[in-house]
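**Student:**
Residue numbers (this note's numbering): 8 to 182.
1) Tell me which residues share the same chain as residue 17 and place their Cβ nearer than 7 Å to its Cβ, disregarding the 5 neighbours each side in the sequence.
2) If you scan the stretch 53–91 from start to end, which runs of the alpha helix (DSSP H) of 4 or more residues do you find wholly inside it?
3) Return the chain-ordered list of same chain residues with a C-beta closer than 6 Å to the C-beta of residue 46, the five sequence neighbours on each side being excluded.
4) Please name the residue in 147, 44, 158 and 82 whose C-alpha comes closest to that of residue 131.
5) Looking only at its own chain, which residues have a Cβ that is under 6 Å from the Cβ of residue 26, when we skip the five neighbours before and after it?
6) If you compare alpha carbons, which of 143, 111 and 89 is closest to residue 169?
7) Going by alpha carbons, who is nearest to residue 122 out of 40, 84 and 135?
8) Under 8 Å: do the stretch 19–38 and the stretch 84–100 share three or more Cβ pairs, one atom per stretch?
9) Rounded to whole angstroms, what is the Cα-Cα separation between residue 176 and residue 125?
10) Along the alpha helix (DSSP H) that carries residue 176, what are the first and last residues, could you check?
11) Taking the alpha helix (DSSP H) that residue 155 belongs to, which residues open and close that run?
12) State the start and end residues of the unbroken alpha helix (DSSP H) segment that holds residue 122.
13) Starting from residue 17, trace the alpha helix (DSSP H) in both directions and tell me its first and last residue.
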């Protein structure tokens, strides 16, 4: 992997992720729960995030309805893993939500609370990027960022996850 690919990611696709992070940091918790669970991109005219469109608005809204009942629990969360445990519970209660919705929702709520993953989570398209690097699949839900090259380690774990998803699907500049 070239340093240039990582730099291109930071300039093009990574910028969007940073804008989303900044937007969620400015929401109160209930706004963050709603926009996160419904997969609403506040940086793109409040449209649904593209990789959540298969879930659909109705199913995502059902996720929000259950998740907002957990507001008190979410308020108490001190780290990303605690948030993810709650979104995982909700995702298992609604057909078609799944681990990608759970991770994305937890990440956006984490942005609001300013708590971030300590590991790189592997799901959906991220696994394709992982396989491109290591030439093998992983059955793990997450991996330590230290297993990646020094060039990738300059990114935060959630940025590595985003990079792997985009890079793995060969859509580097079509973010």
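Glycine included, every Cβ here is placed at the ideal spot set by N, Cα and C.
Only a predicted model underlies this, so the values are computations on that prediction, with no experimental measurement involved.
**Tutor:** Considering the structure as presented:
1) Stepping through the chain shown from its first residue, residue 17 is reached at position 10. If we look at residue 17 and ignore the five residues flanking it on each side, it has no Cβ neighbours.
2) 64–75 and 78–83
3) Within the chain shown, the letter at position 39 stands for residue 46. Same-chain partners within the cutoff: 55, 56, 59 and 67.
4) As a first step, residue 131 is located in the chain shown; it is residue number 124 there, counting from the start. Of the listed residues, the one whose Cα sits closest to residue 131 is 147.
5) Along the chain shown, one-based indexing puts residue 26 at 19. Close CB contacts of residue 26 within its chain, under the 6 Å cut and outside five residues either way in sequence, are with 50 (chain order).
6) Along the chain shown, one-based indexing puts residue 169 at 162. Ranking the options by Cα distance to residue 169, first place goes to 111.
7) Taking the chain shown and counting its residues from 1, the one referred to as residue 122 is at position 115. Among 40, 84 and 135, the Cα nearest to that of residue 122 belongs to 84.
8) No: the two stretches stay apart, fewer than three of their Cβ pairs being nearer than 8 Å.
9) Mapped onto the chain shown, residue 176 falls at position 169. Mapped onto the chain shown, residue 125 falls at position 118. In a straight line, the C-alpha of residue 176 is about 24 Å away from that of residue 125.
10) In the chain shown, residue 176 corresponds to position 169, counting from 1. Neither: residue 176 is in no alpha helix (DSSP H) and is coded neither H nor E.
11) Within the chain shown, residue 155 is the residue found at index 148, counting from 1. Counting along the chain, residue 155 falls outside any alpha helix (DSSP H), and DSSP gives it neither H nor E.
12) Position 115 of the chain shown holds residue 122. First-last for residue 122: undefined, no H or E at that position.
13) Residue 17 sits at position 10 when you count from the first residue of the chain shown. Unbroken alpha helix (DSSP H) run through residue 17: 10–18.
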